[in-house]
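Under this note's numbering, the first residue of the sequence shown carries the number 13, and numbering increases by one thereafter.
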Amino acid sequence: MAAQDGSEVVGMEAEVTQKVPEVVCEAAGQEDAAGTEQASLTDGESTSAQPAAVSNGEESDEGKEMVEVKIIWNKNKYDLKIPLDGTGAKLKEKIHTLTGLPPAMQKVMYKGLLPEDKTLREIKVTNGAKIMVVGSTINDVLAVNTPKEVIQQEVKAEENKKEPLCRQKQHRKVLDKGKPDDVMPSIKGAKVCKTLCKMNLSGMYNKSGGKVRLTFKLEQDQLWIGTKERTEKIPMGSIKNVVTEPIEGHEDYHMMAFQLGPTEASQYWVYWVPAQFVDAIKDTVLGKWQYF
13 MAAQDGSEVV
23 GMEAEVTQKV
33 PEVVCEAAGQ
43 EDAAGTEQAS
53 LTDGESTSAQ
63 PAAVSNGEES
73 DEGKEMVEVK
83 IIWNKNKYDL
93 KIPLDGTGAK
103 LKEKIHTLTG
113 LPPAMQKVMY
123 KGLLPEDKTL
133 REIKVTNGAK
143 IMVVGSTIND
153 VLAVNTPKEV
163 IQQEVKAEEN
173 KKEPLCRQKQ
183 HRKVLDKGKP
193 DDVMPSIKGA
203 KVCKTLCKMN
213 LSGMYNKSGG
223 KVRLTFKLEQ
233 DQLWIGTKER
243 TEKIPMGSIK
253 NVVTEPIEGH
263 EDYHMMAFQL
273 GPTEASQYWV
283 YWVPAQFVDA
293 IKDTVLGKWQ
303 YF
């Protein structure tokens, strides 16, 4: 029984011994397979690591008939080689690459304005042809426009700074004489309707400091400007404009100019006009009020 048990034990050991190589072989097979797989991956990686050709959607110029031209733009010259069967639009794209000038802002000249839809062959472009380009880049346009905008802003600012008429030297020499002794009284809030046709406005100064009176001859459509020396009879239709401004410190009186010609040099100035007459004078002279 012991022998039998011993033989069984030996048999089991033999069986175990026999199975061990199989495990080793299997492991070796797996190792070989893993090695093969790793080798395969390595080969794949090395293959994919090589740079592949990438297309930008542009057609290659290889094998095409080419033409060499000279691009002239903004006193600069560029040599360009381009397919003879390329269109004018393609040429504009090449010019953009050379100059930075966007196609939409290009005027390309070759025997006239270059058509975008025709090929260079169709318009008979030959080797050495000079192609003129006219146009400005966006930066150039901005550089030109900016000073103009600055100038306009400066002019506007200057106009805003312009001192009131009553402070200007040419008017001060009259206003500094003070209010005339016989000036007509100013009535705040008063409105004049048709009284202009029935009265003279007197007690005012003109630009030379002399006394002046205004008479409105509505039935004759005339404004009479009278001084000590003479009376000027002016058709109201010939008066281009009426300019008024309150006198600083005496806002119930105005200085007023009748523009008798096309320019400001033809303005006839009258000072110390009572404020209640200003609107009626402007309406009468400029034709907004009619005499009945």
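C-beta atoms are modelled at their ideal positions from N, C-alpha and C, and glycine is treated no differently.
| query | result |
| --- | --- |
| Pick from Gln232, Lys130 and Met216 that is closest to Ala269, judged by C-alpha positions | Met216 |
| Residue from Lys240, Asp233 and Arg225 with nearest C-alpha to Met248 | Asp233 |
| Residues bridged to Val282 (per DSSP) | Asn218 and Met268 |
| Separation of Glu105 from Tyr90, as counted between CA atoms | 14 Å |
| Gly238 - DSSP class collapsed to helix/strand/coil | strand |
| Pro176 to Glu257 span [Cα, whole Å] | 8 Å |
| Beta-carbon proximity list for Val290, same chain, < 6 Å, skipping 5 on both sides | Thr256 and His266 |
| Three-state class that DSSP yields for Val81 in the structure shown | strand |
| Residues near Met121 by beta carbon distance below 8 Å, same chain, minus five either side | Ile143, Met144, Val145 and Val146 |
| Pair within 8 Å by beta-carbon distance, Ile246 and Ile237 | yes |
| Counterpart residues of Val255 in DSSP-defined beta bridges | Ala269 |
| Closest residue to Leu230 among Asp295, Thr149, Arg133 and Gly190 (Cα-Cα distance) | Asp295 |
| Residues near Arg179 in its chain [Cβ-Cβ closer than 8 Å; skip 5 each side] | Glu260 |
| Buried/exposed call for Ile94, threshold 16 Cβ in 10 Å | buried |
| Opposing strand residues paired with Asn88 [DSSP bridges] | Trp85 |
| Beta carbon proximity, Ala116 to chain B, threshold 8 Å | The structure shown has no chain B; it contains just one protein chain. |
| Contact belief for Glu77 with Asn139 at Cβ below 8 Å, rounded distance in angstroms | Between Asn139 and Glu77 the Cβ distance is about 11 Å, and since that is not below 8 Å, they are no contact. |
| Continuous beta strand (DSSP E) stretch holding Lys223: start and end | Lys223 to Lys229 |
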